[in-house]
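Encoded as structure tokens, the structure appears first; notes follow it.
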Amino acid sequence: MRAISIAYDGIMKGGGPFGAVITRQDEIIAEGNNRVVLSHDPTAHAEMIVIREASALLKTHDLSGCTLYTSCEPCPMCLGAVYWSGIRKVVYAADRIDAAAAGFNDKFIYDEITLSPSSRNIKFIRLDDCNGEIVFRKWDEFEDKITY
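Once you know that position 130 of the sequence shown is 1626 in this note's numbering, the rest is easy, because the numbers rise by one and skip nothing.
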């Protein structure tokens, strides 16, 4: 699998042990490796990088015709990006248990997602009196919106 060799090459360049490829109709659209440390960006996971690159190259936010190949099962952040991008197929090699054994344990994030904001380890404060919902009313009324 190409994503595994990309992950290996990424390690040799100072990146994390993750690689990803996005294809459309068996053509590689984007490929990349984890660059969290290299780019000082906690969101620079291999999957995020290739989703961004494929979207830019294809000039669309909808990647529903694409397949994501990864060296490891996507973490919760990347899983969210997969769903938001519309990708309908993910092929992966290692799983979250393999990643945890190598020091990349994201179980706590999976656990936190199921909790109400008030029960999470990070303090979440909702401001009830600032009219935050007004932008959603505006969105509902906006005739030129492109839904996603």
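For glycine and all other residues, C-beta sits at the position ideal for the given N, C-alpha and C.
Since this is a predicted model, take the numbers as computed values, not measurements.
Under a Cβ-count criterion, where at least 16 other Cβ atoms within 10 Å of its own Cβ denotes burial, should residue i be classed as buried or exposed?
i, result
"residue 1599", "exposed"
"residue 1529", "buried"
"residue 1645", "The structure shown does not extend to residue 1645, since the chain is modelled only from 1497 to 1644, so the question has no answer here."
"residue 1544", "buried"
"residue 1615", "exposed"
"residue 1628", "exposed"
"residue 1626", "exposed"
Excluding the five sequence neighbours on either side, which residues of its own chain have a C-beta within less than 7 angstroms of the C-beta of residue i, listed in chain order?
i, result
"residue 1536", "none"
Which residues in the same chain have their Cβ closer than 6 angstroms to the Cβ of residue i, if we skip the five residues on either side of it in sequence?
i, result
"residue 1644", "1557"
"residue 1563", "1519 and 1585"
Would a C-beta distance cut-off of 8 angstroms place residue i and residue j closer than the cut-off?
i, j, result
"residue 1546", "residue 1583", "no"
"residue 1510", "residue 1532", "no"
"residue 1572", "residue 1609", "yes"
"residue 1559", "residue 1552", "no"
"residue 1607", "residue 1592", "no"
"residue 1604", "residue 1613", "no"
For residue i, list the residues DSSP reports as bridge partners.
i, result
"residue 1643", "Looking at the DSSP assignment, residue 1643 forms no beta bridge with any residue, so it has no partner."
"residue 1519", "1524 and 1563"
"residue 1530", "Answer is none; residue 1530 lacks a bridge partner."
Once you ignore the five residues that flank residue i on each side, which residues in its own chain have a CB closer than 8 angstroms to its CB?
i, result
"residue 1515", "1498, 1499, 1500, 1501, 1502, 1503, 1504, 1505, 1506, 1527, 1528, 1529, 1530, 1542, 1566 and 1567"
Uninterrupted alpha helix (DSSP H) stretches inside the segment 1542–1614 (no shorter than 4 residues): Qualifying alpha helix (DSSP H) stretches, in chain order: 1542–1554, 1572–1581, 1592–1597 and 1603–1609.
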